[in-house]
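Chains as they are written, first to last, in full-length UniProt numbering: chain A, 1 to 522; chain B, 1 to 522. Glycine included, every Cβ here is placed at the ideal spot set by N, Cα and C. Being a predicted model, the structure only gives us computed values, none of them experimental.
There are 2 protein chains.
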Amino acid sequence: MAMITGEVLIGGGASSGGAPGIRATNPKTGALLEPIFTFADEADVDRAARLAWDAFDSFRDSDLEIRARFLEGVAAAIEGLGETLIDRAEAETGLSRRRLTIERNRTTNQLRLFAEVVRAGEWLDLRIDPPLPDRAPFPRPDLRLRQIGVGPVAVFGASNFPLAFSVAGGDTAAAFAAGCPVIVKGHPAHPGTGELVGHAIQAAVADAGLPAGVFALLNGAVDTGTALVRHPMIKSVGFTGSRGAGLALMAIAAARPEPIPVHAEMSSINPVFILPVALRERTEQIARSFVDSMALDGGQYCTNPGLVYAVAGPDLEAFLSHVEAALALKHAEAMLTPGIHQAFDRGVGALASHPDVQILARGLDGDDANATAPAIFLTDAARFEADEALGHEVFGASSLIVRCETIDAMLEAAERMEGQLTATLQLDAGDIAEARRLLPVLERRVGRILANGWPTGVEVSHAMVHGGPYPATADSRFTSVGTLSIRRFLRPVSYQNLPQELLPAVLRDDALPRLVDGVRQG
Amino acid sequence: MAMITGEVLIGGGASSGGAPGIRATNPKTGALLEPIFTFADEADVDRAARLAWDAFDSFRDSDLEIRARFLEGVAAAIEGLGETLIDRAEAETGLSRRRLTIERNRTTNQLRLFAEVVRAGEWLDLRIDPPLPDRAPFPRPDLRLRQIGVGPVAVFGASNFPLAFSVAGGDTAAAFAAGCPVIVKGHPAHPGTGELVGHAIQAAVADAGLPAGVFALLNGAVDTGTALVRHPMIKSVGFTGSRGAGLALMAIAAARPEPIPVHAEMSSINPVFILPVALRERTEQIARSFVDSMALDGGQYCTNPGLVYAVAGPDLEAFLSHVEAALALKHAEAMLTPGIHQAFDRGVGALASHPDVQILARGLDGDDANATAPAIFLTDAARFEADEALGHEVFGASSLIVRCETIDAMLEAAERMEGQLTATLQLDAGDIAEARRLLPVLERRVGRILANGWPTGVEVSHAMVHGGPYPATADSRFTSVGTLSIRRFLRPVSYQNLPQELLPAVLRDDALPRLVDGVRQG
């Protein structure tokens, strides 16, 4: 039976760390959970980083099959935790067992998908330019390129995905797949869940015969995270959370003697554009599915549809009535932490008291602690544009509907919006011409464009982009979900005229896919 | 006949800009060249950026064949400038006609290579995950991914490659290939050369029927560059130059309301490790080829071998004698600008007067202005480690040889070195075991590893990496030379359940290579 001890996990073992730290809170009841989790001090951070650095060369040089099996081993070890994991996650997050079970499957599927990615070898980006000894005026040398891991990665998980975006979540899976050791700064909202998963990873590391330094899990306060990002042996950062915390990490990373990238996925309000024919033809269906999406799991998704644009008129009025009716049936749900709940109350309160915003609809109160009824607000395009704050994310079940006088006003609003993870089009066949006008505007501002769906529910696959221009993320050229997310943690190295016996194995044999003189082979 | 007017080039035309700016200097004679180049003011920057932004959607949406022919058109138009271009470049840079002719061919080959890249479509990174409507608990949507350009790119060319790293150099070619408009901040060391090439690009833009806003060339002082990097419609920066200027641009870009990446290729001393057997067996050949490489074109290459490690002993003493003899035959050459020459004199002077550094060899003085005899210095590993400044780049024909007591001391030195563009191994068959120990250390610190060659001479091909960990570049995950350099200016966008008629053409048909459910096709 897996035990939760509250210790920091470094070097394949557990130790008591520095000062006693925190206990987890059951957000539904407000009760404190055992045990106390100790905080890693600077010496712990240094030890974990040095072990990660020492493990890096052998881990990145490990056989691809061993690395793939390691990822599968992590998945199996997480499954081996059984209901213990779900029990603890439920107690720490207030999320439903159904949701957590789905999230666990997503997490293990994600690890197994990255195992396939490692084996397939596309990520190595192998390129071979054969020598041209007789070329004038200079011969061309033998040039071979592969991608290698950037080095040890610090991972800051998310509050709202205690499994899929946390200790063994997408950042960790992608970094491991790239051959990078990982040090996780544990999220204080679910430290016990994190520790259980941390033990599973430690077991998989040992089973795979990898150096223990490839993984560590440190709980701590802000200074622990700061020390980690500042450590010279950390070479990249994966972060999912608030804009404030993301910007703080970016500033710390940029101020290092050797600046490093921070992949911060920060904030997004995921605008939805309901085009006129769809609004008319599917008024109620769109209203109901919108409310279902915005209120799902307390609205605690980074892809929550927080902003809806539609053109004024009787169809919109009917839509608003349906929204009101649908929201009236939604209960408040306990939010992930008291702090998140307080921030939600502040955000909803600010909208409710805003002179240019109208409260369109509220859901029902609930019995849990840390729960506030979901809320949908209404404003118009001119008022929305006049106050930048109306475009800021309110994390939780809160959305703002923006009434546009004309479709052109909707297009202008799209041109002015900040970078987003997603944009959604609700459209019917008669809306295609307007959608075609919107599309290039959205492409410039978001990472994923959806039609006739809702942005919650992020597929972990090859063609997914969970990213987007700032402030949605720190760097729009990367995704934090899907197989392409491995690219965050890779850098290319070129080998010129190296003797055969010194070349990396993947560049010697021809088993893996590669570009030869620009032409794909294998 | 192409005319040099000194105007700023915006929107397909030329205009007089703001205040009169600079004239170019012939570094060999110190003579000022006609005409006066006017400086772009903030209004010019704004106009160029807005035109670029307005051109962006149609440029990035242009047919791949049109974009490829445009790149070929730029190459042909540069060739059309004939000797006029070489004459002006020779007058402005002091570089030899032979070198400039080779560089022009490299530049036009580079443009044509990117045309092939555009056509081949690998850069689009097309990925299709077909829908799984019956999957439980949720169906999988239709997901399709492509890469698009990031937006208008500001390019800051290099002093030392007036063609290949300047107005129509690698950054511009890669950005155009990615579908990004380009605004070049002209380099003050070769403004006339830049203007000639700028006219060639303008002609090619018009011939291809592309919007004139896809290209602009602005001369100016520091404030012009600052205004450009600060402009909200600029989305990326390509820079080649000094560490100080690169860091300044990075700071400006990071402080924007919307931070943007700066691809700064800044400084590198390109360490060479001469392993013991090679040192013994090829003493004179390595010494002579080293001196040829370090003194080539006044040593004004970012891949100049500025640092040489070798193990103490009689072989090294013989090597030093050969180096001394070889350098004694090398003449001083006019450097690119008086400023670069002064900086070289300062750098060489600091080494010459350093208490822990010995002057090993000097070349001959020359007749040109702005020329100082090349210099090679000697120190030992402990002294080198004791003063970080000894590891800083001296741009020009200056190198430092570091004598290591043992091969282990050489390895330790490698572990401590900063990020570099390249590292070179001089090795024979008997050195393989030592090289194997060095290799992982070098992989962590450099972008390209060479055996038995010299780092000057950067092939423009698929497997080239001209990049490396900080401070060699701002982001080790990218290269600024070779076809992979297009990735700097691309970001992924995912399309979920989009109606067929709204999908980008490249994601609709199946003519281009793509990953379908993770399996490569086409």
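Just to confirm, are residue i and residue j a CB contact at a threshold of 9 Å?
i        : j        : result
ILE376/A : SER398/A : yes
LEU442/A : LEU425/A : yes
THR422/A : VAL394/A : no
PRO261/A : ARG488/A : yes
GLU459/B : LEU217/A : no
GLY391/A : GLY468/A : no
ALA186/B : GLY220/B : Correcting the residue type first, residue 186/B is Gly in the shown sequence and not Ala. For GLY186/B and GLY220/B, yes; Cβs fall inside 9 Å.
GLY198/A : VAL155/A : no
LEU502/A : ALA435/B : yes
GLU195/B : GLU34/B  : no
ALA326/A : ARG288/A : yes
LEU145/A : VAL493/A : yes
ALA52/A  : ALA264/A : no
LEU498/B : GLN147/B : no
ILE269/A : ASN304/A : yes
Is residue i helix, strand or coil when you go by DSSP?
i        : result
ARG60/A  : helix
GLU459/A : coil
ARG144/B : strand
LEU33/A  : coil
ILE66/A  : helix
VAL205/B : helix
ALA399/A : Position check: residue 399/A holds Ser in this sequence, whereas Ala was assumed. It is a strand residue.
GLU42/B  : helix
VAL222/A : helix
ALA369/B : coil
ALA332/A : coil
PRO314/A : helix
LEU95/A  : coil
PHE319/B : helix
ASN167/B : Checking the displayed sequence, the identity of residue 167/B turns out to be Val instead of Asn. Three-state DSSP puts VAL167/B in coil, outside helix and strand.
ASP475/A : coil
PRO188/A : coil
GLY151/A : coil
Go through its chain and collect everything with a Cβ distance to residue i's Cβ below 8 Å, but skip five positions before and after it.
i        : result
GLY80/B  : ALA200
SER461/B : LEU113, GLY482, THR483
ARG520/A : PRO513, ARG514
When burial is assigned at 16 or more other CB atoms within 10 Å of the CB, is residue i buried or exposed?
i        : result
MET1/A   : At MET1/A the pLDDT is 49, less than 50, meaning the model places this residue with poor confidence; the figure from the coordinates comes in the next sentence. Classification of MET1/A: exposed, given that the 10 Å Cβ count is below 16.
MET250/A : buried
GLY157/A : buried
MET294/B : buried
ALA373/A : buried
MET266/B : buried
LEU364/B : exposed
PHE138/A : exposed
SER16/B  : exposed
SER62/A  : buried
GLU122/B : buried
By Cβ distance below 7 Å, which residues in the same chain neighbour residue i in space, the five residues on each side in sequence not counted?
i        : result
ALA369/A : PRO27, LYS28, THR29, GLY30, ALA334
ALA49/A  : PRO152, ILE183, HIS231, MET233, ILE234
ALA203/A : ALA77
Got a sec? Which residues, its chain only, sit under 6 Å from residue i by beta carbon, not counting five neighbours each side?
i        : result
VAL311/A : PRO276, CYS404, ILE407
THR193/A : ARG88, ALA89, GLU92, PRO162
ALA68/A  : ALA115, VAL118, ARG119
Verify the CB distance criterion: does residue i have a CB-CB separation below 9 Å to chain E?
i        : result
ARG477/A : Here chain E cannot be found, since the structure's protein chains are A and B.
Checklist line | chain B contacts from the stretch 443-473 of chain A (Cβ-Cβ distance under 9 Å) | finding: GLU443, ARG444, VAL446, GLY447, ARG448, ILE449, LEU450, ALA451, ASN452, GLY453, PRO455, GLY457, GLU459, SER461, HIS462, ALA463, MET464, VAL465, HIS466, GLY467, GLY468, PRO469, TYR470, PRO471
Next item on the list: For the stretch 488-500 of chain B, enumerate the residues whose C-beta is nearer than 7 Å to any C-beta of chain A, in chain order.
Entry: LEU490, ARG491, PRO492, VAL493, SER494, TYR495, GLN496, ASN497, LEU498, PRO499
Next item on the list: Could you name the residues of the stretch 130-153 of chain B whose beta carbon sits closer than 8 Å to any beta carbon of chain A, in the order they occur along the chain?
Entry: Here the close residues are PRO137, PHE138, ARG140, PRO141, LEU143, ARG144, LEU145, ILE148, VAL150, GLY151.
Checklist line | Against chain A: residues of the stretch 403-420 of chain B by CB proximity under 7 Å | finding: none
Note to self: Taking beta-carbon pairs under 8 Å, can you tell me which members of the stretch 508-522 of chain A lie near chain B?
What the structure shows: PRO513, LEU515, ASP517, GLY518, ARG520
Note to self: Please list, in chain order, the residues of the stretch 52-72 of chain B that have any C-beta partner in chain A closer than 8 Å.
What the structure shows: Contact residues of the stretch 52-72 of chain B toward chain A are PHE56, ASP57, ASP61 (C-beta to C-beta distance below 8 Å).
Checklist line | chain A contacts made by the stretch 88-112 of chain B, where a contact means CB separation under 7 Å | finding: ILE102
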